[in-house]
Amino acid sequence: MEISNGASDVQLEAADLWIPGFGGQEEYSHEQWLTRLACTLIESGFVKDEILVVLSPICKAKVEFAEHVFPYLIHNMLEYGDDAIKTTLSEQFKISSATVMEQVSFQVGPAPLYPPRYHLQAPVEVTSLLIIMY
Numbered sequence: 005m006e007i008s009n010g011a012s013d014v015q016l017e018a019a020d021l022w023i024p025g026f027g028g029q030e031e032y033s034h035e036q037w038l039t040r041l042a043c044t045l046i047e048s049g050f051v052k053d054e055i056l057v058v059l060s061p062i063c064k065a066k067v068e069f070a071e072h073v074f075p076y077l078i079h080n081m082l083e084y085g086d087d088a089i090k091t092t093l094s095e096q097f098k099i100s101s102a103t104v105m106e107q108v109s110f111q112v113g114p115a116p117l118y119p120p121r122y123h124l125q126a127p128v129e130v131t132s133l134l135i136i137m138y
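Going by my numbering, the first residue of the sequence shown is number 5, and it counts up by one from there.
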C-alpha cells in the first residue's frame with residue numbers, strides 16, 4: 005500500500021528507509037540512516053506539529069538531535085495520522101525489528117554484531133515513549 009498525502013512523493017513503505025544497511029549498503033552509517041529517516045518523516049507531510057515540521061535542518065546538522073526528536077515524530081504521526089499511516093508505521097516497525105533480530109541471530113564467531121546497539125536505540129525509545137503516553 006503506497007501512502008500519499010498529496011504534498012510529497014515520499015514512500016514510507018520503502019525498506020531502505022527503515023532498515024539500516026538494506027540492500028547491501030555497507031557504508032550506510034547509523035548517522036546517515038537515522039538522519040535520513042527522521043528528515044523523511046518530517047518532510048513527508050504526515051507530521052502535523054508546527055514545531056516538529058521545521059526541524060529537518062537541525063536533524064541534518066546534528067544526528068543526536070535527530071535521535072532525540074525521532075520518538076516525537078512517530079508519536080505525532082500516530083496521534084494525527086489516519087489508519088493507513090498507523091498501519092504503515094506498525095508494519096515498518098515489525099519488519100525492521102524482525103530484520104534486525106534476524107541479522108543479529110545469524111552472527112557467529114568473533115565478528116561484532118550487526119547492526120550495532122545504536123541501531124536499536126531509536127525504535128526502543130519510540131516504544132518506551134508510546135507506552136508512557138498511552
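For glycine and all other residues, C-beta sits at the position ideal for the given N, C-alpha and C.
Because the structure is a prediction, the values reported are computed rather than measured.
Burial check for Ala-18: the Cβ neighbour count within 10 Å stays below 16, so the residue is exposed. Put simply, the stretch 78-94 touches the stretch 36-55. At least three CB pairs are less than 8 angstroms apart. Ranking Ala-102, Ala-65 and Glu-47 by CA distance to the CA of Val-57 puts Glu-47 first. Within the same chain, Cβ atoms closer than 7 angstroms to the Cβ of Val-67 are found at Glu-35, Leu-38 and Thr-39, the five residues on either side in sequence being excluded. Shown here for Ile-23: same chain residues with a beta carbon closer than 8 angstroms to its own, the five before and five after excluded, namely Ile-99, Ser-100, Thr-103 and Val-104 in chain order. Residue burial is scored here from C-beta neighbours: Thr-91 has fewer than 16 other C-beta atoms within 10 angstroms and is therefore classed as exposed. In this structure Ser-60 is buried. Its beta-carbon is surrounded by 16 or more other beta-carbon atoms within 10 angstroms.
Contact between Leu-16 and Gln-96 is confirmed by a C-beta separation of about 7 angstroms, below the 8 angstroms threshold.
Residue state for Ile-23 is assigned as coil, using DSSP reduced to three classes. In its chain, beyond the 5 residues on either side, no residue has a beta carbon closer than 7 angstroms to the beta carbon of Ala-65. For Lys-52, the three-state secondary structure derived from DSSP is coil. With a contact defined as Cβ atoms closer than 8 angstroms, Ile-78 and Phe-69 miss out at about 15 angstroms.
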